[in-house]
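*Asks:* Each residue of the sequence shown is one higher than the last, beginning at 55 in the numbering used here.
Think of the CB as a built atom: it goes at the ideal place given N, C-alpha and C, for glycine as much as any other residue.
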Amino acid sequence: MGRAVGLFRRGERRSEEAGPYWKQRSWQLSAGFLGLVVVLGGVTALTSGSGSRDGGVTASASNGPFSGTSTKDGRPGGCRTDDSAGDAIPTSVPKDISWRTLDTGRVPVSASAGPTRIQGAVWWCFAHTPMGAALAATVIPTRMSGSQWRTITEQQVVAGQGRELFVFQRTAVPDTDGTNSAPATTSYAGFQVTSYTSRAATVGLLIKSTQGYARTSVDVRWSGGDWKIQPDGSGGLYSQLASEQSAVGYTLWGV
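1) Go ahead and label Ser300 buried or exposed: buried means 16 or more other beta carbons lie within 10 angstroms of its beta carbon, across all protein chains shown.
2) For Ala167 versus Ala181, is the C-beta spacing smaller than 7 Å?
3) Taking 6 Å as the line, does the beta carbon of Gly244 fall inside it for any heavy atom of the ligand MN?
4) State yes or no: is the C-beta of Ala213 within less than 7 Å of the C-beta of Val272?
5) Using a threshold of 7 Å, state whether the C-beta atoms of Tyr267 and Glu218 are closer than that.
6) Taking Thr196 as the reference, which of Ile261, Ala165, Pro148 and Val247 has the closest Cα?
7) Taking Asp150 and Ala165 to be in contact with their CB atoms under 8 Å, please state how far apart those CB atoms are, rounded to whole angstroms.
8) For Trp177, which option in Pro148, Ser146, Val211 and Thr145 has the closest C-alpha, if you only look at C-alpha atoms?
9) Here's a check: name, in chain order, each residue in its chain whose Cβ is nearer than 8 Å to the Cβ of Val147, leaving out the five neighbours to either side.
10) Going by DSSP, what residue range makes up the beta strand (DSSP E) through Arg171?
11) Buried or exposed: Val193, going by 16 or more other Cβ atoms within 10 Å of its Cβ?
12) Assuming Cys179 contacts Thr207 under a Cβ cut-off of 8 Å, what Cβ separation, rounded to an integer in Å, is found between them?
13) Please classify Gly13: is it buried, with 16 or more other beta-carbons within 10 angstroms of its beta-carbon, or exposed?
14) What separation, rounded to the nearest whole angstrom, lies between the Cα atoms of Asp127 and Cys133?
15) For Ala142, does the three-state DSSP call read helix, strand or coil?
16) What residues match up with Leu260 in a beta bridge as DSSP calls it?
17) Would you call Thr251 buried or exposed, if buried means 16 or more other Cβ atoms sit within 10 Å of its Cβ?
18) Between Gly174, Val257, Pro144 and Ser152, which lies nearest to Thr205 when the distance is taken from Cα to Cα?
19) Use the C-beta contact count for Phe222: other C-beta atoms within 10 angstroms, 16 or more gives buried, fewer gives exposed.
20) Please classify Val247 as buried or exposed, where buried requires at least 16 neighbouring CB atoms within 10 angstroms.
21) According to DSSP, simplified to helix, strand and coil, what is Ser201?
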């Protein structure tokens, strides 16, 4: 996946190792599932190079995609997705899956399941289905990078103590905005929706690298008419990275 910001593993204890956390082995390993490259004493970030930059200043919620009028089903105005699958857990990906390049990495997107809208740094409007939850769990953390991360956090991370702690920790990570590029060595291979209701879901992410497979999971919550990342109480956005023997049990994104 090229390079991305370390998204603070849930339950991680950074005090067990000496030195700046971004130089610690545990930090580098936890970040590795997104193909992080540690250079120049900092964590490099994955950016799209598109849209306006907010210079690291949090955008006002009144200016975001969730601030306008809502439709009768509670979705923000202009947000349209194919929700016909209902609560059925997907065993295949939508036929309209394509890949968007972010710096040297790629993320899957769907014209029917989301994100169907791009507003500056925010890629939003995901289907209110398990497939939409899987895409949100994949795309939003990858977009959480560079100088626009505060805007994305404001709009697409559920408010609370977890978000506040994430912001506190993320502030210490340098923004590189695509400098010092390196070839992508890690990619999203698939997903597994391990729990789902219309209000919350847990999505397992299968990561493929030159060393094999690894897995992690992301919690999402239906809030304000779209899926958003639900951090834990310590500011973690994803579970501890673990090795995976194979892709059995996962729905693969394809190439």
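*Replies:* Reading it off the structure:
1) Burial call: exposed.
2) In contact: Ala167 and Ala181 (Cβ atoms closer than 7 Å).
3) What this structure holds is no ligand at all, so the ligand MN is not there to describe.
4) no
5) no
6) Answer by Cα proximity: Ile261.
7) Asp150 to Ala165, Cβ: 5 Å. Contact.
8) Checked all of Pro148, Ser146, Val211 and Thr145; the closest Cα to Trp177 is Val211.
9) Pro162, Ser164, Met185, Thr305, Leu306, Trp307 and Gly308
10) Arg171 to Gln173
11) buried
12) In fact, because the Cβ distance is near 18 Å, the residues do not count as touching under 8 Å.
13) A query on residue 13 cannot be resolved here, the shown segment of the chain reaching from 55 to 309 and no further.
14) 11 Å
15) coil
16) Gly244 and Arg269
17) With fewer than 16 other Cβ atoms from the protein chains shown falling within 10 Å of its own Cβ, Thr251 counts as exposed.
18) Gly174
19) exposed
20) buried
21) Assigned with DSSP and collapsed to three states, Ser201 falls in helix.
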